[in-house]
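**Student:** First residue of the sequence shown: 44, per our numbering; consecutive thereafter. I'd like to ask some things about the structure below.
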Amino acid sequence: MPPVPEPILRALSLPSDPSKVTLSTSGLGSGFTSTGSIRAQIPTEAGPSERRYFVKTSADGTAAKEMFEGEYASLNAIADAVPGFCPRALAWGAVDEDAASPRTFFLATEFLDLSGAMGRSTGNETSATTLAARLGKLHSTPAPADESGRRRFGFPVPTFCGDTKQENRFRDSWAEFYAEERLMTILRTSETRNGRDAGLRELVEATAQKVVPRGNADRGKIVGTGREETVGDVVYDPSAVYGHSEYELGIMHMFGGFGSKFFEQYHRIVPKTEPVEEYEDRIRLYELYHHLNHHAIFGGGYRSGAVSIMQKLIRKYGKDE
């Protein structure tokens with residue numbers, strides 16, 4: 044087994060004795076990082092006690108630094124609002140901290156044993172109800188006020204959706220945040236990676252200018268959308284933002300797996316935003332971002348999905364007054 048890097052040991056206040064702390068990477072992996080688990084024997088008055096930690100590392104330099112800082116802040120914002128809903132982040136920092144320009148960074152969190160949860164699904168009534176209750180509580184938690192007492196839309200640090208950086212600059216309105224910090228930003232990212240696309244730009248600009256302003260969200264809540272995955276009633280790999288609760292539902296609609304029981308329970312806690320008759324269109328509007336992001340990352344067929352959503356929304360809501 045590889046040794047645990049000294050900066051991680053110090054960050055977690057673990058002994059440096061290799062016989063008492065081990066790192067295992069067997070069977071673990073991620074598209075953007077290397078992952079592993081740490082087992083540590085901690086001396087106590089009652090004798091040695093085993094503790095486990097989950098750790099990620101990445102050698103992507105500044106991108107790794109920003110990614111782990113964003114995930115650290117996201118996990119702890121969610122854990123503060125709904126304890127037990129995600130692993131709490133414990134530490135992050137440079138592995139090669141003595142280098143003039145560190146390139147390898149780490150994130151260490153609580154270890155969640157998911158072995159008993161992997162067979163569960165959100166289609167299971169009990170699991171769906173528990174997940175809906177926890178997500179509803181998260182989405183009912185007001186965003187913290189800034190120094191002036193205002194609750195604004197954004198997040199204190201950048202986060203990542205896949206390998207797409209989200210700056211999360213604070214905005215006074217949700218419509219402004221979603222139009223500028225999501226739709227227009229992902230359009231620019233896509234053009235940088237895939238080349239300028241006049242047709243796509245025209246549709247995104249029309250959606251941002253004519254469709255998004257119809258939104259009716261006046262208070263920021265904690266939303267975890269992004270590189271989020273669910274197992275039973277636990278979430279991990281989040282990309283948090285203080286935003287409209289329905290924004291989270293866009294990616295859930297895109298990839299499915301959430302049945303009617305889940306949404307019935309969830310909306311008992313977080314009612315659909317008015318106008319309720321436009322609810323389905325808002326979910327499609329929020330799903331749009333993830334089609335655009337997948338197009339930016341992977342190219343290809345995701346463009347057609349984004350175009351279809353925008354054309355339908357513009358036909359319905361984009362007419363000049």
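For every residue, glycine included, the Cβ atom is placed at its ideal position computed from N, Cα and C. Since this is a predicted model, take the numbers as computed values, not measurements.
Determine the extent of the beta strand (DSSP E) in which GLY286 is found, giving its start and end residues.
**Tutor:** Reading the sequence shown from its first residue, position 243 is the one you call residue 286. Its beta strand (DSSP E) spans residues 284 to 286.
**Student:** Going by C-alpha distance, which of ASP215, ASP206, LEU174, SER288 is nearest ASP189?
**Tutor:** Here residue 189 corresponds to residue number 146 of the sequence shown, with the count starting at 1. The option with the nearest alpha carbon to ASP189 is ASP215.
**Student:** How many Å lie between ASP240 and ARG327 at the Cα?
**Tutor:** By one-based count along the sequence shown, residue 240 stands at place 197. By one-based count along the sequence shown, residue 327 stands at place 284. Each residue's alpha carbon lies about 22 Å from the other.
**Student:** With the cut-off set at 8 Å, would you say MET227 and VAL247 are in Cβ contact?
**Tutor:** Against the sequence shown, residue 227 aligns to sequence position 184. Against the sequence shown, residue 247 aligns to sequence position 204. Going by C-beta atoms, MET227 is nearer than 8 Å to VAL247.
**Student:** Give the DSSP-derived three-state secondary structure of ARG225 in the structure shown.
**Tutor:** As a working mapping, residue 225 is identified with position 182 in the sequence shown. ARG225: helix per DSSP, three-state reduction.
**Student:** Express the C-alpha separation of TYR329 and ASN336 in angstroms, rounding to a whole number.
**Tutor:** For the purposes of this step, residue 336 is identified with residue 293 of the sequence shown, where counting begins at 1. For the purposes of this step, residue 329 is identified with residue 286 of the sequence shown, where counting begins at 1. Cα to Cα, ASN336 sits roughly 12 Å from TYR329.
**Student:** Given a cut-off of 8 Å on the beta-carbon distance, is the pair SER117 and VAL313 in contact?
**Tutor:** For the purposes of this step, residue 117 is taken as residue 74 along the sequence shown, with counting starting at 1. For the purposes of this step, residue 313 is taken as residue 270 along the sequence shown, with counting starting at 1. No. Outside cutoff.
**Student:** May I have the straight-line CA-CA distance separating PHE341 from SER59, to the nearest angstrom?
**Tutor:** The residue given as residue 341 occupies position 298 in the sequence shown. The residue given as residue 59 occupies position 16 in the sequence shown. Answer to the nearest angstrom: the Cα atoms are 42 Å apart.
**Student:** At the level of alpha carbons, what is the spacing between ASP103 and PHE97?
**Tutor:** As a first step, residue 103 must be located in the sequence shown, where it is residue number 60. As a first step, residue 97 must be located in the sequence shown, where it is residue number 54. Answer to the nearest angstrom: the Cα atoms are 19 Å apart.
**Student:** CA-CA distance, TYR290 and LYS63?
**Tutor:** Position 247 of the sequence shown, counted from the start, is the residue given in the question as residue 290. Position 20 of the sequence shown, counted from the start, is the residue given in the question as residue 63. About 45 Å.
**Student:** Hey, ALA134 and ALA54 are a contact pair by Cβ (cut 8 Å); roughly how many whole angstroms apart?
**Tutor:** Walking along the sequence shown from the start, residue 134 turns up at place 91. Walking along the sequence shown from the start, residue 54 turns up at place 11. That pair is a contact at about 4 Å.
**Student:** Around the C-beta of GLU140, are 16 or more other C-beta atoms found within 10 angstroms, so that it is buried, or is it exposed?
**Tutor:** Numbered from its first residue, the sequence shown carries residue 140 at position 97. So GLU140 counts as exposed.
**Student:** Assuming THR202 contacts ALA283 under a Cβ cut-off of 8 Å, what Cβ separation, rounded to an integer in Å, is found between them?
**Tutor:** Here residue 202 refers to the residue found at position 159 when the sequence shown is read from its first residue. Here residue 283 refers to the residue found at position 240 when the sequence shown is read from its first residue. So it is a contact: roughly 6 Å between Cβ atoms.
**Student:** ARG177: which of TYR309, THR147, ARG94, THR78 sits nearest, CA to CA?
**Tutor:** Here residue 177 refers to the residue found at position 134 of the sequence shown. Per the Cα distances, TYR309.
**Student:** Can you tell me where the beta strand (DSSP E) with THR78 in it begins and where it stops?
**Tutor:** Residue numbering aside, residue 78 sits at position 35 when the sequence shown is read from its first letter. THR78 -> beta strand (DSSP E) spans 77 to 85.
**Student:** According to DSSP, is PHE306 helix, strand or coil?
**Tutor:** Translated into positions along the sequence shown, residue 306 becomes position 263. Reduced to three states, the DSSP call for PHE306 is helix.
**Student:** Mapping the DSSP letters down to three states, classify GLY136 as helix, strand or coil.
**Tutor:** Here residue 136 refers to the residue found at position 93 when the sequence shown is read from its first residue. In this structure, GLY136 counts as strand in the three-state DSSP scheme.
**Student:** Just tell me which of ALA249, LEU331, TYR285, ASP324 has its CA closest to the CA of MET297.
**Tutor:** Position 254 of the sequence shown, counted from the first residue, corresponds to residue 297. The candidate whose alpha carbon is nearest that of MET297 is LEU331.
**Student:** If you drop the 5 nearest sequence neighbours on each side, which residues of the same chain put their C-beta closer than 8 Å to that of GLN252?
**Tutor:** Position 209 of the sequence shown, counted from the start, is the residue given in the question as residue 252. If we look at GLN252 and ignore the five residues flanking it on each side, its Cβ neighbours are ALA222.
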